[in-house]
Amino acid sequence: MTATLTPPAAATATSVHAGVVPRRRTRLLALPEVRWAAAATALFLLALPLQLAGAPAWLWGPLYALSYATGGWEPGWEGLKALKDRALDVDLLMVVAALGAASIGQVMDGALLIVIFATSGALEALATARTADSVRGLLDLAPATATRIAADGTEQTVAVDELKVGDTVLVRPGESVGADGRVLHGASEVDQASITGEPLPAAKEPGDEVFAGTLNGTGALRVQVERDASDTVIARIVRMVEEASETKAPTQLFIEKVEQRYSLGMVAATLAVFGVPLAFGEAFSEALLRAMTFMIVASPCAVVLATMPPLLSAIANAGRHGVLVKSAVVMERLGQIDAVALDKTGTLTEGTPRVVDVRPLRERGLDEAELLTLAAAAEHPSEHPLARAVVDAARERGLDLPATEGFTSSPGIGVRAVVGGRTVEVGAPVRLLADAELEAEAKCAADADADADGVVSALARELEESGRTAVLVVVDGTPAGVLGIADRLRPDAAATVAALTVLTGTAPTLLTGDNPRAAAHLAAEAGIEDVRAGLLPQDKVGAVRELEGAGRRVMVVGDGVNDAPALAAAHIGVAMGRAGSDLALETADAVIVRDELAAVPATVALSRRARELVVQNLVIAGVFIAGLVVWDLAGTLPLPLGVAGHEGSTVLVGLNGLRLLRDAAWKRAAEGTG
């Protein structure tokens, strides 16, 4: 009785509303296991009152026979196929036990066994389907069609699979984006919560990247396709998730190995339970009934079902909350980690530089808003990341940017533009100060400017010592102020570090290729003491192996190409999904799709809860089997009671595992790490 996630034969596109992941639920009767179990149950419920009412056997007998057939044909067929491969399937043993009960006149008891066994299989199939539903809810985001703009300007409605790199598509207001690409024309706000987890729509204008499956706002966009449909963010996630259903946890594999030996031993014991009393003169029917009862109660169904439902349910619950766990193996291993190594840029930080300090030189007569306005206006035509940070800072403050003229950009130095009749330069302090000194010498104003240069140098040095990148703003040849730019710590970074410290017993380690000064400053904000900076990819792997050499089970969280080797070397690798490189996403064992760092400790806690439920289930199954076997061997265990006890334990462990499907389980896991 095993379960795997099976992709649907056909999937229809659903739209994303307000950033909520679509929730599609498989209908009960769409599952063949449920249909057969329902039919067997209905036939049993029709036959039972007729038998109890004293109706003739020809009336209720066929109904029981049909109940046997509808509920038992599928497990019986699967058992015969396994037997052909020289494997003894426990499903076949249950069918044999039911037929054996019928052969000695216990038709109703055998039918009850078939019905309960079929119902257990239906519950397992339902749990698997619900897991697949939750995973597909994250993946089934992109629309089925898109509007392609032909070379002659005409519009064509085509399937998204037909789009090629370089095509231009039109995304009307309210439509879902059909492909990963960049905006060529138009402006709008795009709800990217389904992909990035951002709570507010992101402004999009020419040059901005958009993702398939995100929801366009009120403006129309023309987007140039940059990735094939098979290589979009969603498609990459699909490929990773398809692996999740095919891998079983080590505990499950161990149980299946034991199951083969156990089943063979059980058959031998059943023959002994039947043959020994028969040899000592017990009636054939009584010996056979005892043997059939023994076979039923000793069957390891509940043990087999103890492992997968909790792990599959945990995978489904994590998936609904933006964490794609690639397999049950990963879900089990997540709960084993006792050390964590975190990347810096894009993991602990947002991965986007932002202006965090605006320091005008007051003697120049500019306040913070004026300094930022001039700098942003001059930087507006630039595509440099730091330029984008300055422009974004001005927009966040609601500043109106005046038009610029004569824009020029010098790599390694900065930009120059005329803003409102004033010449504004923005760039590296060292280079711009050198240029300013040359101009000052030409103007014979060296003393005053030397003082200004000293103030600027001190400001730049102060910012850089605190982990910022200093950007100098020069107006009409005179330094006017300094901007401090940094990659901001994620809002939930410090809380995540604290939660991981509680879970593992030790604070995480920071592994970064950034300079030690910036790394130390950020680590102090996050609450990390063990900082290893300036690392190359192989150095990160060495750090992970050093921790594992000390007997630790390490989880690495990262997002870049340089993190991929460490992700592969770790006990568990977790990638941040928003800006994660292809290599990191493919190498990692789990992906934080919504980029919510707090989901990492919550998933670890959920994994530990799943492992606890596995242990609980194994104890429950073992107690039931031992008790029923002793009862049957030492006394007289009625077959119906044996069936009810065995199948009841199977249903019990299955339902116990399904508890992790509830949203409350995720909430408790998240709160338990806080």
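Oh and the sequence shown: position 212 is 286 in this note's numbering, straight run, nothing missing.
From the three backbone atoms N, C-alpha and C, an ideal C-beta is built for every residue, glycine too.
When the five nearest sequence neighbours on each side are left out, the beta carbons in the same chain lying within less than 6 Å of the beta carbon of Thr583 are those of Ala415 and Asp604, in order along the chain. A direct Cα-Cα distance of roughly 12 Å separates Leu735 from Leu200.
The Cβ atoms of Ala220 and Val239 lie no closer than 7 Å to each other. As a beta-bridge residue in DSSP terms, Thr543 pairs with Ile559. For Ser262, the beta-bridge partners assigned by DSSP are Lys278. One alpha carbon belongs to Thr478, the other to Arg296, and they sit about 26 Å apart. Relative to Leu197, the option among Gly728, Leu596 and Gln266 whose CA is nearest is Gly728. For Thr578, the enclosing alpha helix (DSSP H) stretches over residues Ala567 to Thr578. Counting only runs that start and end inside the segment 625–653, the beta strand (DSSP E) elements of at least 3 residues fall at 628–632 and 646–650.
No Cβ-Cβ contact shorter than 7 Å links Val257 with Ala276. C-alpha of Ala744 to C-alpha of Asn589: approximately 33 Å in a straight line. Between the segment 678–689 and the segment 394–414, the count of C-beta pairs closer than 8 Å reaches three or more; the two stretches touch. Under the 10 Å beta carbon count, Ser250 is surrounded by 16 or more other beta carbons and is classified as buried. The residue from Ala104, Gly601, Arg433 and Glu453 with its alpha-carbon nearest to that of Ala554 is Arg433.
In terms of Cβ geometry, Gly293 and Gly260 form a close pair [threshold 7 Å]. Residue burial is scored here from C-beta neighbours: Gly145 has at least 16 other C-beta atoms within 10 angstroms and is therefore classed as buried.
A direct Cα-to-Cα measurement between Leu154 and Leu338 gives close to 15 Å. Going by DSSP, Leu416 is part of the beta strand (DSSP E) stretching over Ala413 to Leu416.
In the three-state reduction of the DSSP assignment, Asn589 falls in the coil class, being assigned neither a helical nor a strand state.
With a minimum length of 4 residues, there is no unbroken run of alpha helix (DSSP H) contained wholly in the segment 460–488.
For the options Trp151, Leu120, Pro149 and Gly150, the alpha carbon positioned closest to that of Leu137 is the one of Leu120. Burial is judged here by how many other beta carbons sit within 10 angstroms of a residue's own beta carbon; Ala129 has fewer than 16 and is exposed.
In this model, Leu173 and Ala739 are separated by some 41 Å (Cα to Cα). Distance from His645 to Arg627 at the Cβ level is roughly 4 Å; contact confirmed, criterion being Cβ atoms closer than 8 Å. In the three-state scheme derived from DSSP, where H, G and I count as helix and E and B as strand, Leu732 is classed as helix.
Distance from Val547 to Val500 at the Cβ level is roughly 5 Å; contact confirmed, criterion being Cβ atoms closer than 8 Å.
For Ala361, the uninterrupted alpha helix (DSSP H) run begins and ends at Phe358 to Ala372, by DSSP. It is roughly 27 Å from the alpha-carbon of Gln125 to the alpha-carbon of Gly195. For Pro383, the uninterrupted alpha helix (DSSP H) segment begins and ends at Met382 to Arg394.
Going by C-alpha positions, Pro427 is about 7 Å away from Arg562.
In its chain, beyond the 5 residues on either side, Asp431, Ala544, Val556 and Gly558 have a beta carbon closer than 7 Å to the beta carbon of Leu537. Boundaries cannot be given for Pro455, as no alpha helix (DSSP H) includes it and DSSP labels it neither H nor E. By the neighbour-count definition (other C-beta atoms within 10 Å, threshold 16), Pro123 is an exposed residue.
When the five nearest sequence neighbours on each side are left out, the beta carbons in the same chain lying within less than 7 Å of the beta carbon of Gly579 are those of Asp412, in order along the chain. Residue environment for Asp550: exposed (fewer than 16 other C-beta atoms within 10 angstroms of its C-beta).
Burial state of Asp706 is buried, judged by a 10 Å Cβ sphere holding 16 or more other Cβ atoms.
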